[in-house]
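S.K.:
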Amino acid sequence: MMELLSLAIISPLLGGLLIFLIKDRRFSKFISYLSSLISLIAFFVLFLNFEKTGGFQHVISLEWIPAWRVNIEFGLDKFNAPFAILTSLISIVAIHLSLRTAIERVENYLSLILLLQFTVIGFYLSTNLFLFFIFYEAMLPPAFFLIYRWGTGDSYRAAFKFLIYTFAFSIFLFIGIIGVFMAAGSFSFESLKELNLSLQDKTLLYLAFFLAFAVKIPIVPLHGWLRDAYYLSPTPITIFMSAVMGKMGIYGLLRVTPYFSDVLLEIGWAIILLCLISFIYAAFLALNQRDMKLLFSYMSLSHVGIITAGLLSGTLQGLNGSLLQSINHGVLAASFFYLAEIFKRQTKSYDMDRLGALSKRVPVLVFFTFAFVMAMGGFPGLSYFNGEILLLSGIFRHSVILGFLAIIGVAIGVVYLCYFFYRVFLKKPGSDMSLLVRDVRGFEFVIFSVFFIITLYLGLNPSFVIGQVENIFTYYGR
Amino acid sequence: MNYFSLLPEIIVICIATVMLIAGTIRRERHLIFYLSLSAVLSGVLVLLLINPVSGEGGHLIQTDPVVNLIRILIYGGGAFILIFSFYELSEKTDRLAEFYFLLIMSLSGMSVLTMANDLLIIYLSIELFSLCFYILAAFYREDRRSIEAGMKYFVLGTLSSIVLVGSIAFFYAYTGSTSLESLRGMNMDSKFTIFGSLLFLSAFAFKLSLVPFHAWSPDVYEGAPTSVTALFASLPKLAVFILLGKIFSLAFKGIDLSLFIIIVSSLSMILGNVLALRQKNLKRMLSYSSIAHSGYMFTAFLLPEQEIYTTLVPYLIFYLFMNLGAFAVILSIEKGEKIDSFHGLNNISPVLALSMAIVMLSFTGIPPTAGFIVKFNLFKNVFLAGYGGVVFLGIFMSILSAYYYLRVVFYSYSSQIAEFSLRKELRVCAVFSAFLVLAGGVFPSIYLL
Chain A
24 MMELLSLAII SPLLGGLLIF LIKDRRFSKF ISYLSSLISL IAFFVLFLNF
74 EKTGGFQHVI SLEWIPAWRV NIEFGLDKFN APFAILTSLI SIVAIHLSLR
124 TAIERVENYL SLILLLQFTV IGFYLSTNLF LFFIFYEAML PPAFFLIYRW
174 GTGDSYRAAF KFLIYTFAFS IFLFIGIIGV FMAAGSFSFE SLKELNLSLQ
224 DKTLLYLAFF LAFAVKIPIV PLHGWLRDAY YLSPTPITIF MSAVMGKMGI
274 YGLLRVTPYF SDVLLEIGWA IILLCLISFI YAAFLALNQR DMKLLFSYMS
324 LSHVGIITAG LLSGTLQGLN GSLLQSINHG VLAASFFYLA EIFKRQTKSY
374 DMDRLGALSK RVPVLVFFTF AFVMAMGGFP GLSYFNGEIL LLSGIFRHSV
424 ILGFLAIIGV AIGVVYLCYF FYRVFLKKPG SDMSLLVRDV RGFEFVIFSV
474 FFIITLYLGL NPSFVIGQVE NIFTYYGR
Chain B
14 MNYFSLLPEI IVICIATVML IAGTIRRERH LIFYLSLSAV LSGVLVLLLI
64 NPVSGEGGHL IQTDPVVNLI RILIYGGGAF ILIFSFYELS EKTDRLAEFY
114 FLLIMSLSGM SVLTMANDLL IIYLSIELFS LCFYILAAFY REDRRSIEAG
164 MKYFVLGTLS SIVLVGSIAF FYAYTGSTSL ESLRGMNMDS KFTIFGSLLF
214 LSAFAFKLSL VPFHAWSPDV YEGAPTSVTA LFASLPKLAV FILLGKIFSL
264 AFKGIDLSLF IIIVSSLSMI LGNVLALRQK NLKRMLSYSS IAHSGYMFTA
314 FLLPEQEIYT TLVPYLIFYL FMNLGAFAVI LSIEKGEKID SFHGLNNISP
364 VLALSMAIVM LSFTGIPPTA GFIVKFNLFK NVFLAGYGGV VFLGIFMSIL
414 SAYYYLRVVF YSYSSQIAEF SLRKELRVCA VFSAFLVLAG GVFPSIYLL
């Protein structure tokens with residue numbers, strides 16, 4: 024099993040390097056699909072065969088820097104395995120979408136996407152804080168090249184904003200891990216268990232971690248990079264950023280929060296309030312958008328707010344819910360951005376006002392869109408419902424007032440989704456660009472079906488992701 | 014006096030003298046180049062094969078494995094500079110033999126400086142390489158900026174030498190000896206010693222272009238020939254930092270200079286990075302960045318003595334190769350010192366663009382390059398030693414630095430069509446440096462002790 028895990032981690036890197044060295048268009052397409060697919064299948068097989076209890080499994084460990092007691096160590100556990108699968112799945116979608124849209128210098132592009140995939144997977148699977156930090160930063164160069172080189176408009180500014188925000192707040196991650204190293208003498212996640220610190224120091228340490236991850240998620244006062252980076256980058260990259268890279272922050276919090284439950288008792292309400300403000304604020308921003316991609320960007324910003332709020336509630340439901348909802352949100356955000364890209368490709372615009380009266384023209388597209396809108400709105404039986412229930416119950420258990428705020432945000436979320444659906448598909452009479460829209464066929468149909476099936480399956484069987492996650496928390500509590 | 018440890022310098026200077034005589038008679042550039050290269054490489058070879066290590070105590074000069082490693086790097090880096098200047102200068106000047114002689118003399122001066130165990134030897138070797146530097150900086154006699162650079166460097170450099178001599182006089186008056194070991198016996202609380210050591214450090218801060226002793230650096234870097242700038246940016250720092258490490262662990266053990274170190278290094282970090290932000294000339298930009306990097310490295314002297322070398326030496330090694338790589342790329346491009354010339358570099362030479370990208374990422378401190386590991390190591394150790402504020406400032410400033418380093422990378426990967434000619438010969442140097450920097454980031458256990 025160890026070999027399988029190494030294969031899953033290393034195949035995107037090898038694929039990326041091969042493409043970079045050979046620089047052949049057709050070959051690079053083949054290799055990029057192949058390496059992502061290998062990674063996805065390997066992770067899936069590993070996910071099906073592992074003990075859903077306890078700490079890291081199938082650990083690969085190579086000695087690296089003995090002076091700091093740091094090894095190159097990757098392992099799977101109940102937390103990071105779903106994220107790893109999500110990353111591989113989303114990269115296949117992103118690669119496919121990129122090949123559909125005409126892109127110059129596609130070899131470099133694909134090799135950068137594969138490198139990005141490698142760094143993100145490395146981030147998710149690393150078992151010590153140092154490696155975690157390295158991958159957190161190593162993800163920056165491929166990401167900013169992708170935004171800058173293949174983005175539209177003023178992508179130079181967008182890429183720089185993204186870079187400076189993320190890089191600047193990595194100070195706090197640095198301070199956090201050095202703090203852990205000082206207190207526990209080692210960089211491993213295990214050492215978080217044995218922190219011998221006063222409550223005040225622990226609070227500062229946790230705030231450092233929170234700030235570093237909050238800019239990645241992002242939470243509202245730190246979201247300045249989001250609009251340009253999401254809107255101006257090519258849609259496959261937007262999909263990747265929103266579905267996978269935003270989750271890096273949530274995963275980081277998920278990793279450290281269980282060890283800081285005493286801190287959350289003290290200041291938890293303030294951070295949750297911040298996340299909920301982010302949730303509602305972004306929902307209001309989304310409410311009056313007429314630009315599809317911008318709407319989805321703000322929708323993504325809004326939803327990660329409640330996921331983080333649930334996580335920080337410190338309850339079992341909240342933690343379960345944020346794990347489940349991250350996966351659900353990844354899949355659904357990817358499908359919504361994919362939708363926007365379909366419209367952009369056919370009508371050359373993201374404008375929603377120039378569409379309408381599509382329900383008879385493109386029945387399959389309407390079916391999928393409606394399914395995703397229902398799912399995102401929290402319809403029982405589809406995936407989002409389960410996560411939302413868990414998150415809300417977590418927040419309510421923490422405080423009724425905060426729970427009430429969260430409910431408001433959820434309600435606004437339904438409103439802008441309905442507006443979106445009405446403006447694009449139902450509004451009569453239709454506008455000029457409606458005539459250009461064609462139905463989904465072929466490979467895109469397959470991708471949407473896969474997304475739909477995942478949504479439905481996770482709606483009916485959420486324990487596939489969260490499973491007996493309680494066991495892990497009992498493990499942490501030991 | 015132990016002449017055996019001076020063997021590399023003796024051989025290098027002998028060959029260099031032969032080169033000077035042959036070169037002034039025959040004026041044939043390939044002959045001059047290969048003789049000079051063989052001089053420098055024989056220095057490396059002797060150090061590698063014989064590795065002369067002197068015994069304990071009582072000598073004017075003293076070597077140990079770390080110092081020998083630095084000497085190898087000085088001569089090896091000198092070989093790079095020789096190659097750079099051959100491609101930059103050999104067409105433009107007929108005084109190549111003199112240039113190379115000065116260059117090699119300055120290399121051996123720096124090499125002696127790393128070994129010095131006596132204040133007088135320190136002074137002599139500093140003068141040896143500084144005098145060569147003044148002339149090298151003014152080597153374009155026809156160019157006013159080059160003359161200005163040499164002049165400025167000379168005047169301010171002489172001032173710092175006077176300060177150094179003054180501080181040596183202080184120490185001599187106090188201890189009656191000039192050897193570093195005798196400094197250990199000083200009364201550390203006296204105002205007298207503190208004043209003397211501050212003077213001493215100021216003289217070296219000038220050589221390292223630390224703020225507020227940095228005023229010469231940008232103009233000199235801009236005016237000097239580019240290969241000479243590459244020399245200024247890399248090798249003297251290596252020698253002076255190693256010497257300071259020795260002094261801090263031997264002589265200034267008990268003196269509390271932390272306030273001075275904190276002030277100087279914080280000022281250097283702030284000023285270097287902030288002023289680099291708006292530079293359009295890459296040589297000036299790298300000058301400010303070298304001020305900033307000196308500031309980072311200077312914080313290492315806050316550490317307890319056994320950690321100074323293990324923190325500083327890796328940083329110095331990779332700082333050398335980052336500079337060599339960056340200057341190799343700059344020299345390969347026509348008008349490479351202007352940042353606008355980098356537009357669309359990737360369309361002409363992907364190899365150069367990639368090497369520049371790796372080197373610049375390493376300057377910024379982004380993994381998987383060695384720059385990240387060494388910076389992390391430095392900041393971690395300083396943080397653990399209890400100077401969190403300086404570390405916070407340092408990281409904050411290195412985030413600012415991302416803007417001006419990565420701008421070069423952005424330019425070279427822009428889609429603009431580039432129209433300029435390239436010098437292909439230096440590609441090997443650039444790729445070699447970039448490769449080392451990358452390998453150092455992936456396998457840090459080799460140099461982290």
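Protein chains in written order, with this note's numbering: chain A, 24 to 501; chain B, 14 to 462. By construction, the Cβ of each residue, glycine as well, lies at the ideal position given by its N, Cα and C atoms. Since the structure is predicted, the reported quantities are computational estimates derived from the model, not experimental observations.
Where does E86(A) fall in DSSP's three states?
M.R.: Note: E86(A) maps to strand in three-state DSSP.
S.K.: Helix, strand or coil: how does DSSP classify H504(A) here?
M.R.: There is simply no residue 504(A) to check, as chain A begins at 24 and stops at 501 in what is shown.
S.K.: Does DSSP classify L99(A) as helix, strand or coil?
M.R.: If DSSP states are grouped into helix, strand and coil, L99(A) belongs with the strands.
S.K.: What's the C-alpha gap between Y254(A) and T261(A)?
M.R.: Their backbone Cα atoms lie some 7 angstroms apart in a straight line.
S.K.: Return yes when the Cβ of P380(B) is within less than 8 angstroms of the Cβ of A235(A), no when it is not.
M.R.: It is not a contact, given that the beta carbons lie outside the stated cut-off.
S.K.: Name the two residues that bound the continuous alpha helix (DSSP H) containing K450(A).
M.R.: K450(A) -> no alpha helix (DSSP H), and no H or E assigned at all.
S.K.: Return the bridge partner residues of S149(A) from the DSSP annotation.
M.R.: Looking at the DSSP assignment, S149(A) forms a beta bridge with F97(A).
S.K.: Check the Cβ of L374(B) against every Cβ in chain A and list those closer than 7 angstroms, keeping chain order.
M.R.: Per Cβ cutoff of 7 angstroms: P164.
S.K.: Identify which residue in L36(A), T189(A), D285(A) has its Cα closest to the Cα of D224(A).
M.R.: With distances taken between Cα atoms, D224(A) lies closest to D285(A).
S.K.: Ordered along the chain, which non-local residues of its own chain (more than five positions away) have a Cβ less than 8 angstroms from that of M373(B)?
M.R.: Taken in chain order, the residues that qualify are A339, Y418, L419, V421, V422.
S.K.: Going along the region 382-393 of chain B in order, which residues come within less than 9 angstroms of chain A, judged by CB to CB distance?
M.R.: Listed in sequence order: F385, I386, F389, N390, F392, K393.
S.K.: Report back the beta-carbon spacing between A216(B) and S173(B) to the nearest angstrom; my notes put them in contact at under 8 angstroms.
M.R.: Yes, A216(B) and S173(B) are in contact; Cβ-Cβ is about 5 angstroms, under 8 angstroms.
S.K.: Comparing alpha-carbon positions, which option in A309(A), L245(A), I126(A) lies nearest M257(A)?
M.R.: First, the amino acid is wrong: residue 257(A) is Pro here, not Met. Among A309(A), L245(A), I126(A), the Cα nearest to that of P257(A) belongs to I126(A).
S.K.: Taking only beta carbons into account, state which residues of the region 412-436 of chain B come closer than 9 angstroms to chain A, listed in chain order.
M.R.: Under the 9 angstroms Cβ criterion, the region 412-436 of chain B contributes I412, L413, A415, Y416, L419, R420, V422, F423, Y426, S427, S428.
S.K.: Opposite N294(B) in the DSSP bridges: which residues?
M.R.: N294(B) pairs with K351(B).
S.K.: Residues of chain A with CB closer than 7 angstroms to the CB of F396(B), please, in chain order.
M.R.: The answer, in chain order, is I201.
S.K.: Tell me, please, whether the CB atom of N191(A) is closer than 8 angstroms to any CB atom in chain B?
M.R.: The residue you asked about is not Asn; residue 191(A) is Ala in the sequence shown. Answer yes: the Cβ-Cβ gap between A191(A) and chain B drops below 8 angstroms somewhere.
S.K.: Between L256(B) and P363(B), what straight-line distance do the alpha-carbon atoms span, to the nearest angstrom?
M.R.: Approximately 39 angstroms between the Cα atoms of the pair.
S.K.: Answer with yes or no whether the minimum CB distance from P35(A) to chain B is below 8 angstroms.
M.R.: So, not an interface residue.
S.K.: Suppose you measure from the CA of I346(B) to the CA of S428(B); what does that come to, to the nearest Å?
M.R.: In a straight line, the C-alpha of I346(B) is about 18 angstroms away from that of S428(B).
S.K.: DSSP three-state call for R501(A): helix, strand or coil?
M.R.: Low confidence applies here, because R501(A) scores a pLDDT of 38, under 50, leaving its location unreliable; read the following figure in that light. Coil at R501(A), not helix or strand.
S.K.: Can you give me, in chain order, the residues of the region 155-181 of chain A that have a beta carbon less than 7 angstroms from any beta carbon in chain B?
M.R.: So the list reads I157, E160, A161, L163, P164, F168, Y171, R172, Y179, given in the order they occur along the chain.
S.K.: Please go through the same chain and pick out, in chain order, the residues whose beta-carbon is closer than 7 angstroms to the beta-carbon of S382(A), but skip the five residues on each side of it.
M.R.: The answer, listed in chain order, is V389, F448, L449.
S.K.: Beta-carbon within less than 7 angstroms of I87(B)'s beta-carbon, same chain only, minus the 5 sequence neighbours each way: which residues are those?
M.R.: Same-chain partners within the cutoff: L120, M123, S124, L248, L251, A252.
S.K.: Can you find the residues in the same chain that come closer than 8 angstroms, C-beta to C-beta, to R48(A), ignoring five residues on each side of it along the sequence?
M.R.: Within the same chain, R48(A) has close Cβ partners V129, E130.
S.K.: Given that P241(A) touches chain B, what residues does it touch there, using C-beta distances under 8 angstroms?
M.R.: None at all; the shortest Cβ gap to chain B is about 17 angstroms.
S.K.: Which residue from F355(B), I38(B), A162(B) puts its Cα closest to that of A228(B)?
M.R.: Nearest of F355(B), I38(B), A162(B) to A228(B), Cα basis: A162(B).
S.K.: Is there contact here, the region 180-196 of chain A with the region 161-172 of chain A, by at least three beta-carbon pairs under 8 angstroms?
M.R.: Taking 8 angstroms as the limit for Cβ pairs, the verdict is that the region 161-172 of chain A does touch the region 180-196 of chain A.
S.K.: Say yes only if the C-beta of W229(B) is nearer than 7 angstroms to one or more non-hydrogen atoms of the ligand FMN, and no if none qualify.
M.R.: Although the ligand FMN was asked about, the structure shown includes no ligands whatsoever.
S.K.: Note down, in chain order, every chain A residue with its Cβ under 9 angstroms from the Cβ of F409(B).
M.R.: Going along chain A in sequence order, the residues near F409(B) (Cβ under 9 angstroms) are A191, I194.
S.K.: With 8 angstroms as the threshold, decide whether the Cβ of P257(A) is near any Cβ in chain B.
M.R.: So no, P257(A) is outside the interface.
S.K.: With DSSP run on the structure shown, which of helix, strand or coil describes Q80(A)?
M.R.: Here Q80(A) sits in strand by DSSP.
S.K.: Less than 8 angstroms between CB atoms is the rule here; does I187(A) satisfy it with respect to chain B?
M.R.: By this cut-off, I187(A) is an interface position.
S.K.: Can you pull the chain A residues whose beta carbon is under 7 angstroms from the beta carbon of P78(B), in chain order?
M.R.: The premise fails here: P78(B) is roughly 18 angstroms from chain A at the closest Cβ pair, so nothing lies under 7 angstroms.
S.K.: In the structure shown, what three-state DSSP assignment does D455(A) receive?
M.R.: Helix, per DSSP.
S.K.: Quick check on this structure: which residue in I361(B), S458(B), G399(B) has the alpha carbon closest to the alpha carbon of S434(B)?
M.R.: Residue I361(B) is the option with its Cα nearest to S434(B).
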